[in-house]
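Residue numbers (our numbering), protein chains in the order written: chain A, 1 to 337; chain B, 338 to 645.
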């Protein structure tokens, strides 16, 4: 078995929140945005991360590249824990891990030309390159992501959303990273453009042998692109499985509820399927429920769920639930209530 | 990745295509500015006033400090503005050519305005951007320093400086420069806070760009619009301040003069009937002020089209 490219162990992100009007000596409240996430990522593999808004998807990604302070471990393939590095030591790894952002236009500096934007990581990590060399590489990369290389002197506002996202992808790939973190790269785009960008990402991934962490809340997009999918709820992992497994036989009630909410483009099938409506709101991460964080909205919750938090069971299809089971059982549990 | 020869040929062809020139946000702003008639007129007036200030003395009959003793006794009758004598703006109360003196005074006023504004732009922008970008405790300390300096009565400090260290141009620049950057720093900090969380800043951080480079490359260029607007509005403010100090009699050292000084002299001599001594400097002062305000307004509309 090959070594994993990235091995994340018990990654926690805690924000300290001070309320308006708090005295300087009052203790800030703790917000656990990510509470102990574990996963492994193989070279060339795509891990999809799904969950509701505010469940810690983006925070998890940002923690890996040290943009938010985190505790735990994120071991890179050479055995170095990325989270323990000083900003200066981290610099070496920044070119290996690049990121694509959600809002295509906002992620590009409006005062810089496309050429300057794409070349920025390259110039930062390889200051010795000549100007012609940089320009040639930028143009080749623009061609690769489907932009006309002669548009190198244009400004971001002259491009469409899809083109801007291509610029963002070109900027991420120009330093030849091993891991690409995509933070909802298509949620701001039209559906037809989404498909183009997804296909581009998949094509580039095959050609360059990239590993990807793909964050999204659109489940069908994640299914299409990911090898494995991780479901997050309130900063905790609920279920991890291969994409096929997770979508065909979800074991965690939360995953089942999520999947049942995906609309099916066939009215008959849509009417026939079992919806699992979740009641209530996402609990505040400032005061997470005891035990299993999902228990307040779970149709299968029992006394044990409040007492102790379920761990992920080992294996290929990991579920963090005391009472995992196929969809039919959840539906039955709901009808009994 | 294996590319076929045809692919390579097509790639080479695409790479060799002529580069399209992009239209930068600055170009857009320039086009919008040029459409604004008041602003263009203001800029045109500013150019004329500056040309007069810097080259006007060449066309004067005498230098700004030459005293014509033969006429200084009866300026009211002998020192009227006239094309024949070459004293286009007449003489001042001591018999000096007012045309030369107005040119020289306008020059000092414009220099004071520009120096004050540039200090405020350079120091204020960097200070505010660093404070906003670094954030946290550094931000708190840096902004409290600004608050403390703002609380000191500014005119009082300048007057004290001029009284203690003597009246000189450099002391005037120091006094104005010391305080002009404070409000700029505040404005820039506020803008930086909104910019800081934009995704392109995060992208630069993720790429490993150093903090100071991010400030210079990503934050400052995106602030320049608002800074440019504020700076053009600051220039007349500086000129006003200098004029007020000169009006109190503490400005530049005679025989050097400034617009405020000339206006003050003119106002004093108004009752003797030498009204031109007030009107000419006042006209230049007002034209300069209005021109700067129009240009500033035009810049704001051009650089910030959302606000209209």
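The beta-carbon is built from N, C-alpha and C at its ideal position, and this holds for glycine as well.
Since the structure is predicted, the reported quantities are computational estimates derived from the model, not experimental observations.
Which listed residue (the options) has its alpha carbon closest to that of residue i
i             : options                       : result
residue 329/A : 271/A, 252/A, 106/A and 143/A : 252/A
residue 585/B : 576/B, 597/B, 479/B and 575/B : 597/B
residue 385/B : 631/B, 637/B, 621/B and 635/B : 621/B
residue 72/A  : 43/A, 8/A and 219/A           : 8/A
residue 498/B : 488/B, 484/B, 483/B and 515/B : 515/B
residue 325/A : 272/A, 301/A, 115/A and 306/A : 301/A
residue 124/A : 142/A, 86/A and 175/A         : 175/A
residue 359/B : 157/A, 62/A and 323/A         : 157/A
residue 319/A : 306/A, 86/A and 292/A         : 292/A
residue 58/A  : 34/A, 74/A and 75/A           : 34/A
residue 604/B : 618/B, 593/B, 592/B and 591/B : 618/B
residue 115/A : 133/A, 106/A and 128/A        : 133/A
residue 75/A  : 306/A, 201/A and 11/A         : 11/A
residue 518/B : 476/B, 505/B, 472/B and 568/B : 568/B
residue 353/B : 148/A, 128/A, 203/A and 52/A  : 148/A
residue 290/A : 263/A, 241/A and 234/A        : 234/A
residue 439/B : 553/B, 380/B, 491/B and 401/B : 401/B
residue 397/B : 541/B, 553/B, 441/B and 375/B : 441/B
residue 51/A  : 67/A, 154/A, 259/A and 205/A  : 259/A
residue 412/B : 629/B, 636/B, 607/B and 628/B : 607/B
residue 491/B : 513/B, 471/B, 362/B and 506/B : 513/B
residue 634/B : 372/B, 592/B and 361/B        : 372/B
Contact set between residue i and chain A, taken where Cβ atoms lie within less than 8 Å
i             : result
residue 484/B : Ordered by position in chain A, no residue passes the 8 Å Cβ test against residue 484/B, which lies about 18 Å from the chain.
residue 348/B : 140 and 143
residue 433/B : Result: empty, since nearest Cβ-Cβ is about 50 Å, beyond 8 Å.
residue 526/B : Under the 8 Å cutoff, chain A gives no residues; its nearest Cβ is about 19 Å from residue 526/B.
Interface partners of residue i on chain A, CB under 9 Å
i             : result
residue 362/B : 110, 111, 155 and 157
residue 474/B : Neighbours of residue 474/B on chain A: none; closest Cβ ~12 Å, over 9 Å.
residue 372/B : Those do not exist, as residue 372/B stays about 19 Å from chain A at its closest Cβ, beyond 9 Å.
residue 699/B : Residue numbering for chain B in the displayed model covers 338 to 645; residue 699/B lies beyond these limits and cannot be assessed.
Listed by chain order, chain B residues near residue i by CB distance under 7 Å
i             : result
residue 150/A : 354, 355, 356 and 357
residue 86/A  : Neighbours of residue 86/A on chain B: none; closest Cβ ~13 Å, over 7 Å.
residue 106/A : 535, 536 and 537
residue 348/A : Residue numbering for chain A in the displayed model covers 1 to 337; residue 348/A lies beyond these limits and cannot be assessed.
Cross-chain neighbours of residue i in chain B, by beta carbon under 9 Å
i             : result
residue 124/A : 541, 544, 545, 546, 547 and 550
residue 176/A : Per Cβ cutoff of 9 Å: no residues; residue 176/A is ~12 Å from chain B at best.
residue 121/A : 540, 541, 543, 544, 545 and 546
residue 342/A : Limits of chain A in this structure are 1 at one end and 337 at the other, which puts residue 342/A out of reach.
Proximal chain B residues relative to residue i, where beta-carbon distance stays under 8 Å
i             : result
residue 171/A : 540 and 544
residue 98/A  : 543 and 544
residue 103/A : 536
Chain A contact residues for residue i, given Cβ-Cβ distances below 7 Å
i             : result
residue 318/B : Here chain B covers residues 338 to 645 and nothing more, so residue 318/B does not appear.
Legend entry - Every unbroken alpha helix (DSSP H) inside the stretch 86–114 of chain A [4 residues or more]: List check, alpha helix (DSSP H) in window: 87–94.
Inset, instruction - Please determine if the stretch 161–169 of chain A and the stretch 86–103 of chain A are in contact, where contact requires at least 3 C-beta pairs separated by less than 8 Å. - result: yes
Legend entry - Contact set between the stretch 535–565 of chain B and chain A, restricted to residues whose Cβ is under 7 Å from the partner: 535, 536, 537, 539, 540, 541, 542, 543, 544, 545, 546, 555, 558 and 559
Inset, instruction - Counting only runs of 3+ residues fully inside the stretch 605–639 of chain B, write out the beta strand (DSSP E) ranges in chain order. - result: none
Legend entry - Secondary structure, alpha helix (DSSP H): runs of 4+ residues fully inside the stretch 440–523 of chain B: With a minimum length of 4 residues, the continuous alpha helix (DSSP H) runs that stay inside the stretch 440–523 of chain B are 462–471, 473–488 and 491–502.
Inset, instruction - Pull out every residue of the stretch 437–453 of chain B whose Cβ sits closer than 9 Å to any Cβ of chain A, in chain order. - result: none
Inset, instruction - Mind the definition here: the stretch 527–546 of chain B touches the stretch 420–435 of chain B only if three or more C-beta pairs lie below 8 Å; say whether that holds. - result: no
Inset, instruction - Using a Cβ-Cβ cut-off of less than 7 Å, give me the residues of the stretch 198–230 of chain A that come near chain B, in sequence order. - result: 207
Legend entry - the stretch 38–46 of chain A in contact with the stretch 206–220 of chain A per 3-pair CB rule at 8 Å: yes
Legend entry - Validate contact between the stretch 597–615 of chain B and the stretch 485–500 of chain B using beta carbons, cut 8 Å, 3 pairs: no
Legend entry - Interface residues of the stretch 8–39 of chain A facing chain B [CB-CB below 9 Å]: Within the stretch 8–39 of chain A, no residue has a Cβ lying closer than 9 Å to any Cβ of chain B.
Legend entry - Cβ contact check for the stretch 213–229 of chain A and the stretch 179–190 of chain A: 3 or more pairs under 8 Å: yes
Legend entry - Touch test, the stretch 137–147 of chain A against the stretch 111–124 of chain A, Cβ-Cβ under 8 Å, three pairs minimum: yes
Legend entry - Ranges of the beta strand (DSSP E) found wholly within the stretch 147–204 of chain A, counting only runs of at least 3: 179–183
Inset, instruction - Count the CB pairs spanning the stretch 66–81 of chain A and the stretch 516–527 of chain B that are closer than 8 Å, and state whether there are at least three. - result: no
Legend entry - Contact between the stretch 18–37 of chain A and the stretch 181–201 of chain A (3+ Cβ pairs under 8 Å): no
Inset, instruction - Specify whether the stretch 547–556 of chain B and the stretch 566–581 of chain B touch according to this definition: at least 3 beta carbon pairs, one from each stretch, less than 8 Å apart. - result: no
Legend entry - Touch test, the stretch 560–579 of chain B against the stretch 406–423 of chain B, Cβ-Cβ under 8 Å, three pairs minimum: no
Legend entry - Contact set between the stretch 618–638 of chain B and chain A, restricted to residues whose Cβ is under 8 Å from the partner: none
Legend entry - Residues of the stretch 69–96 of chain A whose Cβ lies closer than 8 Å to any Cβ of chain B, in chain order: 90, 91, 94 and 95
Legend entry - the stretch 405–420 of chain B contacting the stretch 347–367 of chain B, beta-carbon criterion three pairs below 8 Å: Contact fails: fewer than three Cβ-Cβ distances are below 8 Å.
Inset, instruction - Would you check if there are 3 or more beta carbon pairs closer than 8 Å linking the stretch 241–259 of chain A to the stretch 294–314 of chain A? - result: yes
Legend entry - Members of the stretch 409–420 of chain B near chain A, C-beta cut-off 9 Å: none
Legend entry - Whole runs of the alpha helix (DSSP H) within the stretch 268–295 of chain A, excluding any shorter than 4 residues: none
Legend entry - Inter-stretch contact at 8 Å, needing at least 3 Cβ pairs: the stretch 441–454 of chain B / the stretch 465–472 of chain B: They do not touch, by the three-pair rule.
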